[in-house]
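Following: one structure in C-alpha coordinates, then a few remarks.
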Amino acid sequence: FKEASRKGFEVAGIMSNSVRFIGIANSEGLRASQTSTDASFSLTVDNKKDGSGWASYDTRDVEKLPFEKVIEKAITKAEKNVNPIELPPGEYTVILEPAAVAELLDFAAYMGFGAQSYLDGQSFLIGKLGQKIFDKKLNIIDSPFNDIYPGQPFDYEGMPKQELVLVENGVAKTLAHDRITAKKMDAKSTGHSLPQPNPWGPIPFNVILKAGKNSEEEMISSTKRGLLVTHFHYTNVVEPRKLILTGMTRDGLFLIEDGKVTKPVKNFRFTESVIKAFNEVDMVGDKLEYHGFTIAPALKLPRFTFSSGTQF
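The opening residue of the sequence shown carries number -4 in this note's numbering; numbering runs sequentially from there.
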(Lines of atoms letter the chains of each structure in order from A and count residues from 1; the text may use other names and numbers.)
(Lines give C-alpha, C1' and ligand atoms only; values in the text may rest on other atoms or scores of the structure.)
Protein backbone atom coordinates (compact mmCIF):
# COMPACT_ATOMS: atom_id res chain seq x y z
CA PHE A 1 0.00 0.00 0.00
CA LYS A 2 2.85 2.36 0.83
CA GLU A 3 4.59 1.82 -2.51
CA ALA A 4 1.36 2.24 -4.51
CA SER A 5 0.14 5.31 -2.63
CA ARG A 6 3.35 7.17 -3.48
CA LYS A 7 2.31 6.96 -7.11
CA GLY A 8 -1.40 7.58 -6.52
CA PHE A 9 -2.32 3.97 -7.37
CA GLU A 10 -4.83 1.64 -5.74
CA VAL A 11 -3.97 -1.97 -4.91
CA ALA A 12 -5.82 -5.19 -4.17
CA GLY A 13 -4.36 -8.60 -3.56
CA ILE A 14 -4.25 -11.88 -1.71
CA MET A 15 -1.61 -13.40 0.50
CA SER A 16 -2.26 -16.94 1.72
CA ASN A 17 -0.29 -19.41 3.78
CA SER A 18 -1.58 -22.88 4.61
CA VAL A 19 -0.79 -26.41 5.70
CA ARG A 20 -2.58 -29.36 4.10
CA PHE A 21 -2.76 -32.98 5.18
CA ILE A 22 -4.19 -35.85 3.17
CA GLY A 23 -4.44 -39.46 4.27
CA ILE A 24 -5.85 -42.48 2.43
CA ALA A 25 -6.50 -45.88 4.00
CA ASN A 26 -8.64 -48.94 3.37
CA SER A 27 -9.39 -52.31 4.88
CA GLU A 28 -6.94 -54.04 2.53
CA GLY A 29 -3.95 -52.41 4.17
CA LEU A 30 -3.52 -49.35 1.93
CA ARG A 31 -1.87 -46.48 3.77
CA ALA A 32 -0.74 -43.24 2.13
CA SER A 33 -0.35 -39.75 3.61
CA GLN A 34 1.32 -36.43 2.98
CA THR A 35 1.63 -33.10 4.73
CA SER A 36 2.35 -30.13 2.47
CA THR A 37 2.45 -26.35 2.68
CA ASP A 38 1.32 -23.65 0.27
CA ALA A 39 2.05 -19.94 0.16
CA SER A 40 1.02 -17.39 -2.46
CA PHE A 41 1.02 -13.66 -3.05
CA SER A 42 -0.97 -12.01 -5.84
CA LEU A 43 -1.22 -8.26 -6.43
CA THR A 44 -3.27 -6.09 -8.81
CA VAL A 45 -2.44 -2.39 -9.13
CA ASP A 46 -4.93 0.12 -10.60
CA ASN A 47 -3.28 3.24 -11.98
CA LYS A 48 -6.62 5.14 -12.24
CA LYS A 49 -5.81 5.91 -15.89
CA ASP A 50 -7.58 3.06 -17.70
CA GLY A 51 -4.86 0.56 -16.89
CA SER A 52 -3.61 -1.91 -14.32
CA GLY A 53 -0.67 -4.15 -13.50
CA TRP A 54 -0.47 -7.61 -11.98
CA ALA A 55 2.02 -10.10 -10.63
CA SER A 56 1.89 -13.23 -8.49
CA TYR A 57 4.07 -15.92 -6.98
CA ASP A 58 3.29 -19.37 -5.55
CA THR A 59 5.66 -21.52 -3.53
CA ARG A 60 5.69 -24.36 -1.03
CA ASP A 61 7.85 -22.32 1.36
CA VAL A 62 6.44 -19.07 2.77
CA GLU A 63 9.99 -17.88 3.49
CA LYS A 64 10.62 -17.83 -0.26
CA LEU A 65 7.77 -15.47 -1.17
CA PRO A 66 9.50 -12.54 -2.98
CA PHE A 67 7.15 -9.77 -1.82
CA GLU A 68 9.31 -6.89 -3.10
CA LYS A 69 9.72 -8.51 -6.51
CA VAL A 70 5.97 -9.06 -6.93
CA ILE A 71 5.17 -5.52 -5.78
CA GLU A 72 7.77 -3.99 -8.11
CA LYS A 73 6.57 -6.01 -11.12
CA ALA A 74 2.88 -5.18 -10.59
CA ILE A 75 3.56 -1.46 -10.05
CA THR A 76 5.90 -1.28 -13.06
CA LYS A 77 3.21 -2.86 -15.26
CA ALA A 78 0.67 -0.32 -13.97
CA GLU A 79 3.06 2.58 -14.59
CA LYS A 80 3.51 1.52 -18.21
CA ASN A 81 -0.16 0.72 -18.78
CA VAL A 82 -1.40 4.34 -18.93
CA ASN A 83 -3.89 5.56 -21.56
CA PRO A 84 -3.70 2.43 -23.76
CA ILE A 85 -4.19 2.76 -27.48
CA GLU A 86 -6.76 0.80 -29.50
CA LEU A 87 -5.60 -1.64 -32.18
CA PRO A 88 -7.70 -3.64 -34.65
CA PRO A 89 -8.32 -7.31 -33.87
CA GLY A 90 -6.48 -9.85 -35.99
CA GLU A 91 -3.45 -12.13 -36.03
CA TYR A 92 -0.39 -10.87 -34.16
CA THR A 93 3.05 -12.08 -33.20
CA VAL A 94 2.87 -12.47 -29.42
CA ILE A 95 5.18 -12.95 -26.49
CA LEU A 96 3.15 -14.74 -23.84
CA GLU A 97 4.53 -14.36 -20.34
CA PRO A 98 4.58 -17.57 -18.23
CA ALA A 99 1.17 -16.95 -16.62
CA ALA A 100 -0.48 -16.70 -20.05
CA VAL A 101 1.27 -19.86 -21.28
CA ALA A 102 0.25 -21.74 -18.13
CA GLU A 103 -3.40 -20.75 -18.62
CA LEU A 104 -3.45 -22.36 -22.08
CA LEU A 105 -1.63 -25.47 -20.88
CA ASP A 106 -4.01 -25.92 -17.93
CA PHE A 107 -6.84 -26.33 -20.44
CA ALA A 108 -4.77 -28.62 -22.65
CA ALA A 109 -4.07 -30.90 -19.68
CA TYR A 110 -7.70 -30.91 -18.56
CA MET A 111 -9.24 -31.30 -22.03
CA GLY A 112 -6.76 -33.62 -23.70
CA PHE A 113 -4.23 -35.58 -21.69
CA GLY A 114 -6.64 -37.42 -19.39
CA ALA A 115 -7.71 -40.88 -20.54
CA GLN A 116 -11.40 -40.33 -19.67
CA SER A 117 -11.74 -37.38 -22.08
CA TYR A 118 -10.07 -39.60 -24.69
CA LEU A 119 -12.59 -42.40 -24.04
CA ASP A 120 -15.47 -39.90 -24.12
CA GLY A 121 -14.42 -38.68 -27.58
CA GLN A 122 -13.70 -35.15 -26.31
CA SER A 123 -9.90 -35.11 -26.34
CA PHE A 124 -7.96 -33.24 -29.02
CA LEU A 125 -5.50 -36.18 -28.92
CA ILE A 126 -7.90 -38.74 -30.42
CA GLY A 127 -6.05 -40.40 -33.30
CA LYS A 128 -2.96 -38.28 -32.64
CA LEU A 129 -0.98 -40.22 -30.04
CA GLY A 130 2.48 -40.81 -31.45
CA GLN A 131 2.05 -37.92 -33.87
CA LYS A 132 3.39 -34.37 -33.91
CA ILE A 133 0.85 -31.97 -32.39
CA PHE A 134 3.05 -29.04 -31.33
CA ASP A 135 6.28 -27.38 -32.44
CA LYS A 136 9.33 -29.59 -31.91
CA LYS A 137 10.71 -27.02 -29.44
CA LEU A 138 8.01 -28.00 -26.93
CA ASN A 139 8.61 -30.74 -24.37
CA ILE A 140 5.93 -31.28 -21.73
CA ILE A 141 5.99 -33.65 -18.79
CA ASP A 142 3.75 -34.24 -15.78
CA SER A 143 5.73 -34.75 -12.58
CA PRO A 144 5.16 -33.99 -8.90
CA PHE A 145 8.89 -34.53 -8.39
CA ASN A 146 10.14 -31.04 -9.21
CA ASP A 147 11.88 -28.33 -7.20
CA ILE A 148 9.65 -25.40 -8.18
CA TYR A 149 6.29 -26.63 -6.90
CA PRO A 150 6.35 -30.30 -5.84
CA GLY A 151 3.06 -32.17 -6.01
CA GLN A 152 1.33 -35.01 -4.24
CA PRO A 153 3.26 -38.28 -4.80
CA PHE A 154 0.15 -40.50 -4.87
CA ASP A 155 -3.38 -40.15 -6.23
CA TYR A 156 -6.80 -40.44 -4.58
CA GLU A 157 -6.84 -44.19 -5.11
CA GLY A 158 -3.55 -44.42 -3.21
CA MET A 159 -1.56 -45.27 -6.35
CA PRO A 160 1.96 -43.84 -6.66
CA LYS A 161 2.25 -41.09 -9.25
CA GLN A 162 4.49 -41.69 -12.23
CA GLU A 163 6.35 -39.03 -14.15
CA LEU A 164 4.77 -38.88 -17.60
CA VAL A 165 6.22 -37.61 -20.85
CA LEU A 166 3.16 -35.98 -22.40
CA VAL A 167 4.85 -34.28 -25.36
CA GLU A 168 8.38 -34.97 -26.61
CA ASN A 169 9.80 -32.68 -29.28
CA GLY A 170 6.23 -31.80 -30.25
CA VAL A 171 5.01 -35.41 -30.43
CA ALA A 172 2.07 -36.55 -28.22
CA LYS A 173 3.33 -39.53 -26.22
CA THR A 174 0.89 -40.71 -23.55
CA LEU A 175 -2.23 -40.20 -21.42
CA ALA A 176 -2.80 -39.98 -17.67
CA HIS A 177 -4.68 -42.98 -16.22
CA ASP A 178 -6.51 -43.98 -13.09
CA ARG A 179 -7.42 -47.64 -12.37
CA ILE A 180 -10.78 -47.34 -14.17
CA THR A 181 -9.45 -45.98 -17.47
CA ALA A 182 -6.40 -48.26 -17.30
CA LYS A 183 -8.68 -51.30 -17.18
CA LYS A 184 -10.77 -50.03 -20.10
CA MET A 185 -7.71 -49.28 -22.26
CA ASP A 186 -5.59 -52.30 -21.25
CA ALA A 187 -3.02 -50.01 -19.63
CA LYS A 188 -1.67 -49.37 -16.12
CA SER A 189 -2.65 -46.65 -13.69
CA THR A 190 -0.23 -43.74 -13.79
CA GLY A 191 -1.38 -42.45 -10.39
CA HIS A 192 -3.60 -39.64 -11.65
CA SER A 193 -6.97 -40.48 -10.10
CA LEU A 194 -9.20 -37.79 -8.66
CA PRO A 195 -11.51 -38.68 -5.74
CA GLN A 196 -13.87 -41.39 -6.97
CA PRO A 197 -16.48 -41.40 -8.34
CA ASN A 198 -16.16 -38.41 -10.66
CA PRO A 199 -17.10 -37.56 -14.28
CA TRP A 200 -13.69 -36.16 -15.26
CA GLY A 201 -11.43 -39.17 -14.87
CA PRO A 202 -7.67 -38.80 -14.44
CA ILE A 203 -6.07 -35.40 -15.05
CA PRO A 204 -2.40 -34.35 -14.97
CA PHE A 205 -2.02 -31.73 -12.24
CA ASN A 206 1.76 -31.24 -12.25
CA VAL A 207 2.36 -30.17 -15.83
CA ILE A 208 5.76 -28.75 -16.75
CA LEU A 209 6.66 -27.16 -20.08
CA LYS A 210 10.43 -27.42 -20.13
CA ALA A 211 12.49 -24.25 -20.39
CA GLY A 212 14.28 -23.16 -23.53
CA LYS A 213 17.28 -20.90 -24.10
CA ASN A 214 15.80 -17.46 -24.75
CA SER A 215 15.34 -14.59 -22.31
CA GLU A 216 12.27 -12.38 -22.49
CA GLU A 217 14.56 -9.52 -23.49
CA GLU A 218 15.78 -11.55 -26.49
CA MET A 219 12.19 -12.31 -27.46
CA ILE A 220 11.30 -8.62 -27.39
CA SER A 221 14.43 -7.41 -29.20
CA SER A 222 13.85 -9.93 -32.01
CA THR A 223 10.26 -8.78 -32.62
CA LYS A 224 9.61 -6.30 -35.43
CA ARG A 225 5.97 -5.79 -34.43
CA GLY A 226 3.95 -7.75 -31.90
CA LEU A 227 2.21 -7.81 -28.53
CA LEU A 228 3.48 -8.63 -25.04
CA VAL A 229 0.77 -10.42 -23.02
CA THR A 230 0.84 -10.44 -19.19
CA HIS A 231 -1.90 -13.01 -18.59
CA PHE A 232 -5.42 -14.11 -19.56
CA HIS A 233 -8.71 -14.33 -17.68
CA TYR A 234 -12.28 -15.59 -18.22
CA THR A 235 -10.86 -18.33 -20.43
CA ASN A 236 -13.34 -20.94 -21.66
CA VAL A 237 -13.51 -23.82 -24.13
CA VAL A 238 -15.15 -23.24 -27.53
CA GLU A 239 -14.32 -26.54 -29.27
CA PRO A 240 -12.61 -29.29 -27.23
CA ARG A 241 -11.61 -31.51 -30.18
CA LYS A 242 -9.69 -28.63 -31.76
CA LEU A 243 -8.73 -27.16 -28.37
CA ILE A 244 -10.16 -23.77 -29.36
CA LEU A 245 -10.26 -21.43 -26.35
CA THR A 246 -11.54 -17.91 -25.86
CA GLY A 247 -10.63 -15.43 -23.16
CA MET A 248 -9.32 -11.92 -22.55
CA THR A 249 -6.01 -10.24 -21.93
CA ARG A 250 -5.62 -8.48 -18.61
CA ASP A 251 -3.40 -6.19 -16.52
CA GLY A 252 -0.94 -5.23 -19.21
CA LEU A 253 -1.00 -5.70 -22.99
CA PHE A 254 1.83 -3.88 -24.74
CA LEU A 255 2.82 -3.09 -28.32
CA ILE A 256 6.32 -4.08 -29.43
CA GLU A 257 7.85 -2.11 -32.33
CA ASP A 258 11.34 -2.61 -33.74
CA GLY A 259 12.46 -4.66 -30.76
CA LYS A 260 11.15 -2.35 -28.04
CA VAL A 261 8.02 -2.16 -25.89
CA THR A 262 6.49 1.15 -26.96
CA LYS A 263 2.82 1.58 -25.96
CA PRO A 264 0.11 -0.01 -23.83
CA VAL A 265 -2.81 -1.49 -25.79
CA LYS A 266 -6.48 -1.85 -24.89
CA ASN A 267 -7.41 -5.39 -24.00
CA PHE A 268 -8.35 -7.97 -26.61
CA ARG A 269 -10.52 -11.08 -26.61
CA PHE A 270 -8.66 -14.02 -28.13
CA THR A 271 -10.28 -16.96 -29.90
CA GLU A 272 -7.60 -19.44 -30.84
CA SER A 273 -6.78 -23.12 -31.17
CA VAL A 274 -3.96 -23.98 -28.79
CA ILE A 275 -2.93 -26.72 -31.24
CA LYS A 276 -2.55 -24.13 -34.02
CA ALA A 277 -0.86 -21.56 -31.78
CA PHE A 278 1.65 -24.06 -30.36
CA ASN A 279 2.35 -25.65 -33.75
CA GLU A 280 4.77 -22.88 -34.62
CA VAL A 281 6.95 -21.50 -31.80
CA ASP A 282 9.73 -19.01 -32.43
CA MET A 283 11.31 -18.99 -28.97
CA VAL A 284 10.98 -20.73 -25.60
CA GLY A 285 11.85 -18.81 -22.44
CA ASP A 286 14.70 -19.77 -20.13
CA LYS A 287 12.89 -19.06 -16.83
CA LEU A 288 10.10 -21.19 -15.35
CA GLU A 289 7.19 -19.97 -13.22
CA TYR A 290 4.33 -21.78 -11.51
CA HIS A 291 0.78 -20.57 -12.26
CA GLY A 292 -2.50 -22.45 -11.92
CA PHE A 293 -1.47 -26.10 -12.09
CA THR A 294 1.39 -25.61 -14.52
CA ILE A 295 5.07 -24.69 -14.54
CA ALA A 296 5.89 -22.84 -17.77
CA PRO A 297 8.30 -20.40 -19.45
CA ALA A 298 7.41 -17.50 -21.72
CA LEU A 299 6.77 -18.29 -25.39
CA LYS A 300 7.13 -16.25 -28.55
CA LEU A 301 4.53 -17.27 -31.13
CA PRO A 302 4.51 -15.86 -34.69
CA ARG A 303 0.71 -16.02 -35.01
CA PHE A 304 -2.01 -15.65 -32.39
CA THR A 305 -5.59 -14.60 -33.13
CA PHE A 306 -7.38 -11.81 -31.29
CA SER A 307 -11.02 -11.84 -32.36
CA SER A 308 -12.28 -8.56 -30.87
CA GLY A 309 -11.65 -5.79 -28.38
CA THR A 310 -13.11 -5.77 -24.88
CA GLN A 311 -15.02 -3.21 -22.85
CA PHE A 312 -12.53 -3.24 -19.97
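Ideal Cβ positions, reconstructed from N, Cα and C, are used throughout, including at glycine.
If you compare the alpha carbons of L248, A272, K261, E58 with that of K237, the shortest gap goes to A272. For H286, the number of other beta carbons within 10 angstroms of its own is at least 16, and it is reported as buried.
Taking each of G18, S217, S268, V279 in turn and checking the Cα distance to K255, the smallest one comes out for S217. In this structure, the straight-line span from the alpha carbon of A104 to that of K131 is close to 18 Å. Secondary-structure assignment with DSSP links Q29 through a beta bridge to I17. In the displayed model, G107 falls within a helix according to three-state DSSP. Under the rule that a run must span 4 or more residues, the alpha helix (DSSP H) segments found entirely inside the segment 110 to 151 read 110 to 114. Restricting attention to alpha helix (DSSP H) runs no shorter than 4 residues, the segment 242 to 281 encloses them at 269 to 272, ordered along the chain.
Our two residues, A50 and S37, have alpha carbons roughly 6 Å apart in a direct line.
For S184, the closest C-alpha among the options P190, Q191, D150, E211 is that of D150. By the neighbour-count definition (other C-beta atoms within 10 Å, threshold 16), H172 is a buried residue. In the displayed model, T218 falls within coil according to three-state DSSP, outside both helix and strand. Distances from the alpha-carbon of A7 to those of S47, L294, S31 put S47 closest.
For A34, the three-state secondary structure derived from DSSP is strand. In chain order, F36 place their CB closer than 6 Å to the CB of M10, counting only its own chain and leaving out the 5 sequence neighbours on each side.
Here R264 has M243, S302, S303, T305 as same chain residues with Cβ atoms under 6 Å from its own Cβ, once five neighbours each way along the sequence are excluded. For A177, the secondary structure class from DSSP, reduced to helix, strand or coil, is helix. Shown here, V77 sits in coil according to DSSP, grouped into three states, outside any helix or strand. Cβ contact annotation for L60 (same chain, cutoff 7 Å, sequence separation greater than five): A34, F36, Y52, T54, in chain order. Between the alpha carbons of L250 and G153 lies a distance of about 49 Å. Here K44 carries a coil assignment [DSSP, helix/strand/coil]. Counted as a single uninterrupted DSSP element, the alpha helix (DSSP H) harbouring S0 occupies residues -3 to 1. Proximity of the segment 87 to 96 to the segment 218 to 228 meets the contact definition, three or more beta-carbon pairs being nearer than 8 Å.
Nearest neighbour of Y144 by Cα position, chosen from V202, I80, N21, turns out to be V202. Taking C-beta atoms as the reference points, V232 and M106 count as a pair closer than 8 Å. Going by beta carbons, L100 and T289 fall inside the 8 Å limit.
Contact between the segment 109 to 118 and the segment 207 to 214 is absent, with fewer than three C-beta pairs closer than 8 Å. For T88, the enclosing beta strand (DSSP E) has its first and last residue at 85 to 91.
Approximately 5 Å separates the beta-carbon atoms of L91 and L294; this is inside 8 Å, confirming the contact. Taking K44 as reference, the option from N76, I66, S22 with the minimal CA-CA separation is N76.
Under the 10 Å beta carbon count, T257 is surrounded by fewer than 16 other beta carbons and is classified as exposed. Distance from the Cα of R245 is smallest, within the candidate group V57, G24, A94, for A94.
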